[in-house]
Amino acid sequence: MKKLFLTLTVPLYLASISCNSDDDNTVSTDITPVLSQTITGIEGPESVLLNTNDNLLYVSNQAGSTDGDGYISILDQSGTVINQKWATNLNDPKGMVIYNNKMYVGDTNGLVEISMTDGSILQIYGEGQNLNDVAIDNDGNIYVSNMFTSAIYQLDTNGNFSEWLSGSDIQNPNGILIDGNTMYLAPWGTFTGNDFASAPPAPVLKVDLTTKAVSQLSKTTLGNLDGIQFNSTKTVLIVSDWISGKIYQVNLSDGSSQEILDVKNTSQTFGGSGDILVNGSKLYIPMYLDNSILEYNI
């Protein structure tokens with residue numbers, strides 16, 4: 035999405051965030067983020083993933099403006115880059131999951147399957163689709179969002195790739211998170227074509243995996259959402275707004291919400307806060323425009 039975001043104008047940005055009012059949310063929060071470090075040495079990071087098999091961090095780098103210049107980096111948990119370009123020849127890699135010794139990455143040309151052994155590209159599903167975040171259910175079915183067509187696709191355990199859910203009620207989904215039989219969505223907000231700058235702020239949604247019934251979780255709209263993660267106790271969701279750079283808490287018990295961070299660099303027009311990771315007491319926020327990852331203690 036880098037090639038599109040950088041063409042937005044300040045007036046459109048102001049029009050978007052002026053609609054994002056959360057005055058009714060007065061709940062207190064037990065999340066008090068404290069910045070522990072800023073990780074550098076990466077290029078246009080969009081997503082951070084913990085590989086629980088080796089306890090290393092995988093970062094999708096969108097890098098420059100040319101197709102094929104995107105890549106995946108491997109970092110240790112201290113923030114040291116171990117392998118700058120572990121997987122290469124990607125376009126604008128975004129969300130990632132790991133399953134059966136393979137990584138699945140949402141990219142502008144489809145869902146890319148990568149070997150965890152050597153980082154080589156094995157296959158691309160849904161070629162031509164501009165795909166975003168990725169999640170997996172308990173059965174091994176993989177889901178990936180298409181923010182531009184307001185759709186979610188499924189790669190089932192037999193290798194079949196097809197549209198799973200679409201429509202205006204899922205409000206152009208960006209971030210996806212699955213827990214049990216529930217899918218949680220961080221939507222961008224409804225728009226058509228490439229006119230995402232006019233999208234109104236969206237709420238956090240949830241989808242029943244069996245019935246595909248969609249319902250609103252957060253009491254109010256929050257922003258043009260991107261990343262979505264549980265806190266360590268699964269009592270709240272933490273979501274990021276790419277445009278404003280704000281990070282929100284959404285309480286699972288009652289849907290109330292509260293801003294817990296504003297990470298926008300004042301020298302930038304947009305926030306650029308992407309697909310976040312929560313790992314225990316750590317919150318990692320990829321900052322696409324700043325070529326860095328912010329690590330917070332929470």
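Numbering (this note's numbering), first residue to last: 35 to 332.
Quick reminder that beta carbons are idealized off the backbone N, C-alpha and C, glycines included.
Tell me whether N87 is buried or exposed, calling it buried when 16 or more other Cβ atoms sit within 10 Å of its Cβ.
-> exposed
State the DSSP-derived secondary structure class of I204, mapped to helix, strand or coil.
-> helix
Do you know offhand how far S154's Cα is from T72's?
-> 29 Å
Same chain, Cβ closer than 7 Å to T142, five either side skipped, listed in chain order | N125, D126, N164
Taking the DSSP output, what are the residues bridged to V146?
-> V139, I158
Between the CA atoms of S107 and A121 - distance to the nearest angstrom | 7 Å
Separation of I281 from D57, as counted between CA atoms = Bear in mind that the predicted position of D57 carries a pLDDT of just 40, short of 50, making it unreliable; the figure below should be weighed with that in mind. Straight-line Cα distance between these residues: approximately 16 Å.
Beta-carbon proximity of Y105 to N117, cut-off 7 Å | no
I148 to A97, Cα distance in whole Å?
-> 18 Å
Is the beta carbon of D288 sitting closer than 7 Å to the one on S81?
-> no
Measure the C-alpha to C-alpha separation of S266 and S291 and round it to an integer number of angstroms.
-> 17 Å
The stretch 256-263 touching the stretch 295-302, judged by at least three CB pairs closer than 8 Å | no
From D324, G78, E293, L156, residue whose alpha carbon lies closest to that of N135 = L156
Which one or two residues does DSSP pair with V68 in a beta bridge?
-> N331
Which of helix, strand or coil DSSP assigns to S232 = helix
Below 8 Å, can you find three or more Cβ-Cβ pairs linking the stretch 221-228 to the stretch 191-198?
-> no
In chain order, what residues of the same chain have a beta carbon less than 8 Å from the beta carbon of V115, not counting five sequence neighbours either side?
-> G75, I76, S107, I108, L109
Report yes if the C-beta distance between P235 and P79 is below 7 Å; otherwise report no.
-> no
Presumed contact (8 Å Cβ cut-off) between V343 and L239, rounded CB distance | The structure shown does not extend to residue 343, since the chain is modelled only from 35 through 332, so no value can be given for it.
Residue environment, K268, which counts as buried when at least 16 other CB atoms sit within 10 Å = exposed
M321 - partner residues in DSSP beta bridges = S307, S326
Within 10 angstroms of the Cβ of D173, are there 16 or more other Cβ atoms? Answer buried if so, exposed if not.
-> exposed
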